[in-house]
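If you read the sequences in order, they're chains A and B. Counting from 1, one number per residue, gives the positions in the first sequence under the working numbering. Counting from 1, one number per residue, gives the positions in the second sequence under the working numbering. A virtual CB, placed ideally from N, CA and C, is assigned to each residue, including glycine. Heads up, the thing below is written out as structure tokens.
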Amino acid sequence: MLRKVTLLAAALFLVGGPALASSKAHAPREVAFSFEGPFGHFDAAQLQRGYKVYREVCSACHSMDLLAFRNLGDKGGPFFDPKYPNANDNPVVKALAAEAQINDIDGETGDAMKRPGIPADRFPAPFANAAAAKAGNNGIVPPDLSLIAKARAGGPEYVASLLQGYVAAPAGLTVPAGLNYNAWFPGDVSAGWTGDHGHVPPGGFIAMAQPLTAGQVSFDDGTKSTLRQQAEDVAAFLMWAAEPKMEERKQMGFSVLIFLILFSGLTYASYRRVWRNESH
Amino acid sequence: MSGHSTYQPSNGFARWLDARLPVGRLVWDSFVDYPTPRNLNYWWTFGGILSLCLGVQIVTGIVLAMHYTPSAAAAFTSVEHIMRDVNYGWLLRYMHSNGGSMFFIAVYIHMLRGVYYGSYKAPREVLWILGCVIYGLMMATAFMGYVLPWGQMSFHGAVVITNLLGAFPVVGEAITTLLWGGFAVDEPTLKRFFSLHYLLPFMIAGVVILHVWALHVVGQNNPTGIEPRSKADTLPFTPYATVKDGFAMSLFLILFAVFIFYMPNALGHPDNYVRADPLVTPQHIVPEWYFLPFYAILRAVPDKLMGVLAMFGSIAVIFALPWLDTSKVKSMRYRPQAKLYFFIFLVVCVILGFCGAKLPDDQVIPGLTTIKVFDSDLNSFVWLSRFSTLYYFAYFLLVMPLLGLFEKPLPTPETISSPVLGGDKKD
Ligand code: HEM
Numbered sequence: 001m002l003r004k005v006t007l008l009a010a011a012l013f014l015v016g017g018p019a020l021a022s023s024k025a026h027a028p029r030e031v032a033f034s035f036e037g038p039f040g041h042f043d044a045a046q047l048q049r050g051y052k053v054y055r056e057v058c059s060a061c062h063s064m065d066l067l068a069f070r071n072l073g074d075k076g077g078p079f080f081d082p083k084y085p086n087a088n089d090n091p092v093v094k095a096l097a098a099e100a101q102i103n104d105i106d107g108e109t110g111d112a113m114k115r116p117g118i119p120a121d122r123f124p125a126p127f128a129n130a131a132a133a134k135a136g137n138n139g140i141v142p143p144d145l146s147l148i149a150k151a152r153a154g155g156p157e158y159v160a161s162l163l164q165g166y167v168a169a170p171a172g173l174t175v176p177a178g179l180n181y182n183a184w185f186p187g188d189v190s191a192g193w194t195g196d197h198g199h200v201p202p203g204g205f206i207a208m209a210q211p212l213t214a215g216q217v218s219f220d221d222g223t224k225s226t227l228r229q230q231a232e233d234v235a236a237f238l239m240w241a242a243e244p245k246m247e248e249r250k251q252m253g254f255s256v257l258i259f260l261i262l263f264s265g266l267t268y269a270s271y272r273r274v275w276r277n278e279s280h
Numbered sequence: 001m002s003g004h005s006t007y008q009p010s011n012g013f014a015r016w017l018d019a020r021l022p023v024g025r026l027v028w029d030s031f032v033d034y035p036t037p038r039n040l041n042y043w044w045t046f047g048g049i050l051s052l053c054l055g056v057q058i059v060t061g062i063v064l065a066m067h068y069t070p071s072a073a074a075a076f077t078s079v080e081h082i083m084r085d086v087n088y089g090w091l092l093r094y095m096h097s098n099g100g101s102m103f104f105i106a107v108y109i110h111m112l113r114g115v116y117y118g119s120y121k122a123p124r125e126v127l128w129i130l131g132c133v134i135y136g137l138m139m140a141t142a143f144m145g146y147v148l149p150w151g152q153m154s155f156h157g158a159v160v161i162t163n164l165l166g167a168f169p170v171v172g173e174a175i176t177t178l179l180w181g182g183f184a185v186d187e188p189t190l191k192r193f194f195s196l197h198y199l200l201p202f203m204i205a206g207v208v209i210l211h212v213w214a215l216h217v218v219g220q221n222n223p224t225g226i227e228p229r230s231k232a233d234t235l236p237f238t239p240y241a242t243v244k245d246g247f248a249m250s251l252f253l254i255l256f257a258v259f260i261f262y263m264p265n266a267l268g269h270p271d272n273y274v275r276a277d278p279l280v281t282p283q284h285i286v287p288e289w290y291f292l293p294f295y296a297i298l299r300a301v302p303d304k305l306m307g308v309l310a311m312f313g314s315i316a317v318i319f320a321l322p323w324l325d326t327s328k329v330k331s332m333r334y335r336p337q338a339k340l341y342f343f344i345f346l347v348v349c350v351i352l353g354f355c356g357a358k359l360p361d362d363q364v365i366p367g368l369t370t371i372k373v374f375d376s377d378l379n380s381f382v383w384l385s386r387f388s389t390l391y392y393f394a395y396f397l398l399v400m401p402l403l404g405l406f407e408k409p410l411p412t413p414e415t416i417s418s419p420v421l422g423g424d425k426k427d
């Protein structure tokens, strides 16, 4: 009895722990990402497509400060090539880095200059500072995307749903100028709602205009560029960016668990043997 | 329990050392020959598990500190540097952050075990109080540790909690200024929290030594609550307790590993992956799960100072347990009524935990509007926390003292070995 109740209590504590904010947005749509589950792997082709979406679309507004081009060629990354264990030598990574123009100082004259990137460079930020970012985005700084897939409840599924969540505002909802209605964005739209107060539409007003539409990014591997495809690919890429060691972690976890289970069996056997003549 | 030592130095060096500094004898007497009641169940393995947790936190913490930068500008990035660029840094960090939660799971089980079996009763009052001191230090350590990654929840959690101390009359402001190292949570706060977060675990280790010392003077309690009378009641610590503790630790490590490797962020809050920004307050500030019941008690009371006093009181009352419980019988095994109130207490603690995670005005049963009492509808988490807080205190301050005087306990066995050895009462 004591045992059961306490276990139950512990379980409830664990489940009840992190609080969910009382947002009235739609719950994120389920996506069967390849990296889910205890044996999940990132799908390199999907990460490559996702990177392309980020490069061509999102990077116009969003920085990714924690990522360097070399990370793209790290083990588990989108452009990893076993021939180049050191990602700095990976020609694909070098070429991607060289596409970017990096701010630097001319060593001879001390003047500000731009130069092509190298794998060790971080992804360049689209705006020089927060004020510039605000000025270009209706007074709101687009958040850095390095950790976004871990920084929102719902993770990559939330990101994918948000990008597909620009549905037409229901009749009776006035969208403030410069903002956009998104049914998956947590917020409160009751200020713009003239209808029944018991039925305020889900979602919120977001400063980001719909960034993706069908066919916007053409994929080199021939994958059909639907809105859903692009949204899920970039969400997968952002999950990798937020947790690049996920694959390694799950693999190691498997060995650790096997070891611990065997070890527990062994200690249990010793326990039985040591206590065999003792009543308790 | 402390009989005379049976230590036999096994070689010349051991004999030489034993005459000068008998550490070998100390270890032998404490962890090998030490008599443990033969009827201890698995709830008694959490002491060993807690030592393991402290060890894990200290070792992983020291290595994390080699790579961590305690500054408002760099802390967040340095934690991400650990996650991305330090070899196995992600493992260290996830061990440390989930290790904190594991530590609290273990300590709560350990403490509830003590309550259920009356382990705080004479002659174990000092042992109990030392345990409560450890728990207090753990809470301080974990609170300051959570501030270190300098995410949104770190920062705003620190603001909320440190501001509470400002509620005390006269000294409140001086205390918060001292904690902050200024007039707001900022750079100096982070630096002193880091320094203290490094220091406190070693103070915990010191108090653990006192705790174990006190334990070895009075001996362990056991599920019957009857003190051992003869050698038939006990078994030597090694190998009997060591192997059982080892098995339990191994099972506990499986749970720990599942969190580290498969759900490392399940017990954290997504907002803590957002860099701290003093100008943007998260919608909903919540502490780590292990503080939620106390947070609920804090918010149950409408007055700020009274709320703070209730919160600290809810922890302080645990220290007084040895004198609040008037029962002559230790173990609840023989106290059916006490058992009932204990299980209600357990459920109430879980409910308080839930309330701590919710917004006070949210409805417990969605869509049901009842009557507004005082400041909120009766169907709200704030009212649920109020009723639960009432029970929390009533359990310690009313049930514990009165039950011992009025209940009718079941008959208790003569000795520990009489129930376990099939009740062979020969004399
Ligand atoms: C009683 C033992 C300890 C407990 C309960 C504890 C708890 C915590 C917690 C809850 C965090 C926040 C984790 C996160 O969300 O990232 C943390 C961070 C940290 N702790 Fe500890 N800790 C303990 C001992 C130590 C020790 C002995 C050190 C050694 C200096 C240490 C160094 C650190 C460092 C550097 C961080 C920041 C890095 C990070 O956030 O991962 N801790 N601690």
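Given residue i as reference, the closest of the options once Cα atoms are compared
i	options	result
residue 434 (chain B)	B:247, B:228, B:218	Residue 434 (chain B) lies beyond the residue range present for chain B, which begins at 1 and ends at 427; the question has no answer from this structure.
residue 173 (chain A)	A:267, A:43, A:204, A:35	A:204
residue 289 (chain B)	B:283, B:161, B:334, B:354	B:354
residue 296 (chain B)	B:317, B:348, B:212	B:348
residue 212 (chain A)	A:235, A:164, A:255	A:164
residue 96 (chain B)	B:118, B:264, B:31, B:200	B:264
residue 310 (chain B)	B:170, B:386, B:138	B:386
residue 72 (chain B)	B:277, B:234, B:302, B:380	B:277
residue 293 (chain B)	B:55, B:186, B:356, B:415	B:356
residue 103 (chain A)	A:175, A:85, A:122, A:94	A:122
residue 57 (chain B)	B:26, B:9, B:101, B:32	B:101
residue 243 (chain A)	A:31, A:30, A:26, A:35	A:35
residue 313 (chain B)	B:326, B:389, B:177	B:389
residue 4 (chain B)	B:18, B:17, B:34	B:34
residue 139 (chain A)	A:149, A:206, A:98, A:199	A:206
residue 271 (chain B)	B:128, B:369, B:70, B:76	B:76
residue 399 (chain B)	B:383, B:241, B:345	B:345
residue 137 (chain B)	B:78, B:199, B:127	B:199
Reduced DSSP category for residue i - H, G, I as helix; E, B as strand; rest coil
i	result
residue 372 (chain B)	strand
residue 204 (chain A)	strand
residue 306 (chain B)	helix
residue 18 (chain A)	Unreliable placement is indicated for residue 18 (chain A), whose pLDDT of 37 sits below 50; no coordinate value is reported for it.
residue 166 (chain A)	coil
residue 135 (chain A)	helix
residue 16 (chain B)	helix
residue 23 (chain A)	Low confidence applies to residue 23 (chain A): its pLDDT is 43, below 50, so where it sits in the model is not reliable, and the reading given next is rough at best. Reduced to three states, the DSSP call for residue 23 (chain A) is coil.
residue 193 (chain A)	strand
residue 234 (chain B)	strand
residue 129 (chain A)	coil
residue 74 (chain A)	coil
residue 204 (chain B)	helix
residue 120 (chain A)	coil
residue 88 (chain A)	helix
residue 43 (chain A)	coil
residue 179 (chain B)	helix
Cβ distance (whole Å) where residue i is taken to contact residue j below 8 Å
i	j	result
residue 238 (chain A)	residue 159 (chain A)	6 Å
residue 36 (chain B)	residue 291 (chain B)	At roughly 33 Å, the Cβ-Cβ gap does not stay under 8 Å, so residue 36 (chain B) and residue 291 (chain B) are not in contact.
residue 107 (chain B)	residue 50 (chain B)	6 Å
residue 233 (chain B)	residue 93 (chain B)	No, residue 233 (chain B) and residue 93 (chain B) are not in contact; Cβ-Cβ is about 46 Å, not under 8 Å.
residue 226 (chain A)	residue 214 (chain A)	5 Å
Continuous beta strand (DSSP E) stretch holding residue i: start and end
i	result
residue 115 (chain A)	112 to 116
Span of the alpha helix (DSSP H), counted from its first residue to its last, around residue i
i	result
residue 245 (chain B)	242 to 262
residue 8 (chain B)	Counting along the chain, residue 8 (chain B) falls outside any alpha helix (DSSP H), and DSSP gives it neither H nor E.
residue 91 (chain A)	91 to 99
residue 35 (chain B)	Per DSSP, residue 35 (chain B) belongs to no alpha helix (DSSP H); it is in the beta strand (DSSP E), 35 to 37.
residue 181 (chain A)	Residue 181 (chain A) -> not in any alpha helix (DSSP H); beta strand (DSSP E) instead, spanning 180 to 182.
residue 233 (chain A)	227 to 242
residue 405 (chain B)	400 to 406
residue 57 (chain A)	Looking at the DSSP string, residue 57 (chain A) is not in any alpha helix (DSSP H), and its letter there is neither H nor E.
residue 52 (chain B)	46 to 67
Practice item. Could you name each continuous alpha helix (DSSP H) segment of 4 residues or more that falls completely within the segment 314 to 380 of chain B, going from the start of the chain to the end? Key: 321 to 324, 336 to 357
Check your understanding: Enumerated in chain order, which unbroken segments of the beta strand (DSSP E) with a length of 3 residues or greater are wholly contained in the segment 100 to 168 of chain B?
Key -> none
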